[in-house]
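Novice: Protein chains in written order, with my numbering: chain A, 1 to 379; chain B, 1001 to 1379. Quick one: the structure is below, questions incoming.
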DNA sequence: GCCCTGTATGACTGCGCTGTCATGACTGCG
DNA sequence: CGCAGTCATGACAGCGCAGTCATACAGGGC
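Written out as structure tokens, the structure reads:
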């Protein structure tokens, strides 16, 4: 374990003390410079940085973590799928974390993974993290145990507050109000009721969308048709679409994500039903191809970036100022993207065409130019 | 910095020495147990594990990394998009890394990010990683500099060998041969030539697919129509599709990913061309909705999981046995999923319908049951 | 001139592990 | 019975930083 910089192997990496010697200062001062601490003269700072540059010095973050007790790392538990939603959220989290000066460790759990979320959290704690993000978890019936022995703040996206334990902060993606707005869009078009193709109910995200749909119908005193449940895949949407097609009385469908909506549309089309003339379909997520399928899909865009930034702000605050009262999360904007898969029910006069805001929408400042929403309508 | 476990705040986390005391052994023995070293009696091992369990002991990986010089962590640089390809590859990498006993740090870079891949690598090295994976990089004109001061093995997915520096191992996703097979599928159907909608040429992945397309055409002495270039998005595919529609002589298009293919199909359809009757379209990736768009898309599935596992095996070997000669990467399987967006050119007799293997395909053992490929054809 | 405050720096120590070496206890074999 | 070899354990040092405290000097108010 001696540090021989001898010939042959690559020389040992330079340490702070090497930089210090070269700059003619103490190791502690090098540490000060690299941590941006006060009370370092400009001259010394410059010399240290020069020496570090010349030696190719890189701080050893293991040593830093050991000495300081902080890793400057946030762990993320995501459900191991390439689903657009979780993937987008992860990207948002990564950027937000980096902006806040934290690196990221990720742990993917698949549905049915042994250990589940609790195991993932345990593993991250062992790897050393200052905080944990749980992204779009599913209900595994063990929320309590997740909290066991977790001594860092936990941010949970899209699950109820108790989930995550005592130091948890929760950030909704606002799925419920988004789902409600999506449903209301269909009701506003004149549909008497709206069918719902839900996501797997073990996912809290799926439950929220279901709840939003229920809320919209209840608020207007409409009856709630039986709920179909898919697994987020287009294949499950296709299967559900066949059921809906044979039901006969369906004029409007709200699918819990775009993939399922696309499957539904295909099944309906194959059954001889026209979308949107006979049946309107709304999706959820606004995946990149939604504007280009046939017909272009009306869908609810999720503000992943805003949600991720907002949530991470909370988490970082909980890490760095544990005593400050948590600032409340901002309400995410509601952005319904109206395309060609929704229309008034057959035999009813069409309301004004074009992009509309749902009744409860705050005016979205994020609205892209109309051209971004898809190809010019082909009607 | 004294360790007071006193009243009030949560008690300090237990250390190995606490476990040791409780189990009546030395701290070193606790270390042995947790590292699975030999020469620990069953009795002692059991006592140590019990004591650790009772105290809720978790190893401090910063201390371990500092003492051992290894972090058991692999850093991943990905291009910061929610594109299906990179996202799927990331998931595969994560699982493969975990299976090999490594945790993951991720760093997303966006196209045009300051610092680019080199900056990401530098940041990961500072965070402490034993190896680095660069996933689907783009050509930033600074490949040389990426290698500077990198003293860990680097695995590059989908970029030429020089990229990544001296300790680089490269794992292709085999995009070139996949693209060649996709193109050959269209030629086999009887098309005289095939147009190509390429991805952005800064991406090595896009260049590989272009090369594969060229190779297929050259091999049969077909002329190469001018190449269109998109940006992976369905919107760019739509734009390209309009150009193709107005060209008049197009019967077959190979798009470098499914999103663009879907955009192409929409544009062609709007222009009054039927897919596949007038124009055949092949995509690339087999994104989840491809089976359910209209028409269901013929596409080339990428074996992300196999590629990720294979690549990580190489990387882990380079980390743990730097002197062993690198085992060559296996050739990934070629799996063309034939759906309804391809057919013989108009006026020609149809070959046998149904799922076909491309001429050069090895018989894929991964082929899903026919039912998984999409809804029953609606023809 | 004196104390006080603010600024700038260094000496020393310890974070919690792993690597190395030393030391017994126990085996088998000539 | 003695010695080599294997197995099982412990003592000790040190990985490269950041925290704490000590120190030194500059300027300002009295």
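Heads up, the beta-carbon is just placed ideally off N, CA and C, and yes, glycines get one too. Nothing here was measured: the structure is a model prediction, and the numbers come from that model.
Per DSSP, what kind of secondary structure is residue 1194 of chain B in: helix, strand or coil?
Specialist: coil
Novice: Whose C-beta lies closer than 6 Å to the C-beta of residue 1252 of chain B among residues of the same chain, with five residues either side of it excluded?
Specialist: Contacts found: 1186, 1191, 1194 and 1280.
Novice: Looking only at its chain, what residues have a beta carbon closer than 6 Å to the beta carbon of residue 1051 of chain B, apart from the 5 residues adjacent to it on each side?
Specialist: 1019, 1022 and 1023
Novice: Rounded to whole angstroms, what is the Cα-Cα separation between residue 168 of chain A and residue 342 of chain A?
Specialist: In a straight line, the C-alpha of residue 168 of chain A is about 39 Å away from that of residue 342 of chain A.
Novice: Find the residues of chain A that neighbour residue 1084 of chain B, judging by a C-beta separation of less than 7 Å, and give them in chain order.
Specialist: Counting only Cβ-Cβ distances below 7 Å, residue 1084 of chain B has contacts in chain A at 82, in chain order.
Novice: Looking at the unbroken beta strand (DSSP E) that takes in residue 1305 of chain B, where does it start and where does it end?
Specialist: Segment 1304-1320 is the alpha helix (DSSP H) holding residue 1305 of chain B; no beta strand (DSSP E) there.
Novice: Going straight from the alpha carbon of residue 17 of chain A to that of residue 1156 of chain B, what length do you get?
Specialist: 34 Å
Novice: Helix, strand or coil for residue 232 of chain A, going by three-state DSSP, please let me know.
Specialist: coil
Novice: Check for me: the beta strand (DSSP E) holding residue 331 of chain A runs from which residue to which?
Specialist: That residue, residue 331 of chain A, is in no beta strand (DSSP E); it is neither H nor E in DSSP.
Novice: Is the region 90-99 of chain A close to the region 52-62 of chain A, with three or more CB pairs under 8 Å?
Specialist: No, the region 90-99 of chain A does not touch the region 52-62 of chain A.
Novice: Give the DSSP bridge partners of residue 240 of chain A, in chain order.
Specialist: DSSP, once it has assigned bridges, lists no residue as partnering residue 240 of chain A.
Novice: In chain A, which residues lie with their C-beta within 7 Å of the C-beta of residue 1058 of chain B?
Specialist: 125 and 126
Novice: Please return the same chain residues whose Cβ sits closer than 7 Å to the Cβ of residue 1377 of chain B, not counting the five positions on each side in sequence.
Specialist: Its pLDDT being 47, under 50, residue 1377 of chain B is placed unreliably in this model, and the coordinates cannot settle the point.
Novice: What residues from chain B crowd round residue 74 of chain A, counting only those whose CB sits closer than 7 Å?
Specialist: Chain B residues near residue 74 of chain A: none, gap ~11 Å exceeds 7 Å.
Novice: Would you say residue 1180 of chain B and residue 1215 of chain B are within 7 Å of each other, going by their C-beta atoms?
Specialist: Yes.
Novice: Any C-beta of chain A within less than 8 Å: which residues of the region 1214-1238 of chain B qualify?
Specialist: 1233, 1234, 1235, 1237 and 1238
Novice: Just how far apart, CA to CA, sit residue 133 of chain A and residue 73 of chain A?
Specialist: 11 Å
Novice: What is the DSSP secondary structure of residue 1088 of chain B, counted as helix, strand or coil?
Specialist: Residue 1088 of chain B falls in the helix class under three-state DSSP.
Novice: Measuring straight from C-alpha to C-alpha, what distance separates residue 1084 of chain B and residue 42 of chain A?
Specialist: 48 Å
Novice: Taking Cβ-Cβ distances shorter than 9 Å, what residues in chain A pair up with residue 1259 of chain B?
Specialist: Contact note: residue 1259 of chain B reaches chain A through 288, 289 and 292, using a C-beta cutoff of 9 Å and chain order.
Novice: Give the interface partners of residue 330 of chain A over in chain B, defined as CB-CB distance under 8 Å, in chain order.
Specialist: None at all; the shortest Cβ gap to chain B is about 22 Å.
Novice: For the beta strand (DSSP E) containing residue 1131 of chain B, list its first residue and its last residue.
Specialist: 1131-1135 is the extent of the beta strand (DSSP E) around residue 1131 of chain B.
Novice: Return no unless some Cβ of chain A is closer than 7 Å to the Cβ of residue 1264 of chain B.
Specialist: no
Novice: Since residue 1287 of chain B and residue 1203 of chain B are thought to touch, with beta carbons under 8 Å apart, how far apart are those beta carbons, to the nearest angstrom?
Specialist: That belief does not hold up - the Cβ atoms of residue 1287 of chain B and residue 1203 of chain B are roughly 17 Å apart, past 8 Å.
Novice: Could you check the C-alpha separation between residue 1285 of chain B and residue 231 of chain A for me, to the nearest Å?
Specialist: 21 Å
Novice: Count the other CB atoms within 10 Å of the CB of residue 1011 of chain B; is the residue buried (16 or more) or exposed (fewer)?
Specialist: Exposed: under 16 other Cβ atoms inside 10 Å.
Novice: Could you give the distance in angstroms between the alpha-carbon of residue 242 of chain A and the alpha-carbon of residue 58 of chain A?
Specialist: 60 Å
Novice: With a threshold of 6 Å on Cβ separation, who are the neighbours of residue 1318 of chain B within its own chain once the five nearest residues in sequence on each side are excluded?
Specialist: Same-chain partners within the cutoff: 1153 and 1169.
Novice: Short check: CB of residue 337 of chain A to CB of residue 299 of chain A, under 7 Å?
Specialist: Going by beta carbons, residue 337 of chain A and residue 299 of chain A fall inside the 7 Å limit.
Novice: Any beta-carbon of chain B closer than 7 Å to the one on residue 381 of chain A?
Specialist: No statement about residue 381 of chain A is possible, as the shown extent of chain A runs from 1 to 379 and does not include it.
Novice: For residue 78 of chain A, write down the residues that DSSP places opposite it in a beta bridge.
Specialist: A:108 and A:135
Novice: State the DSSP-derived secondary structure class of residue 1260 of chain B, mapped to helix, strand or coil.
Specialist: helix
Novice: Please list, in chain order, all residues of the same chain as residue 183 of chain A whose beta carbon is under 6 Å from its beta carbon, the five residues on each side excluded.
Specialist: 194, 213, 216 and 254
Novice: Counting only the same chain and skipping the five closest in sequence on each side, list residues whose C-beta sits under 8 Å from that of residue 89 of chain A.
Specialist: 78, 135, 136, 157, 173, 304, 307 and 308
Novice: Given this structure, state the Cα-to-Cα distance separating residue 15 of chain A from residue 1236 of chain B, to the nearest angstrom.
Specialist: 50 Å
Novice: Among the candidates A:290, A:32, A:49 and A:261, whose CA atom is the shortest distance from the CA of residue 1233 of chain B?
Specialist: A:290
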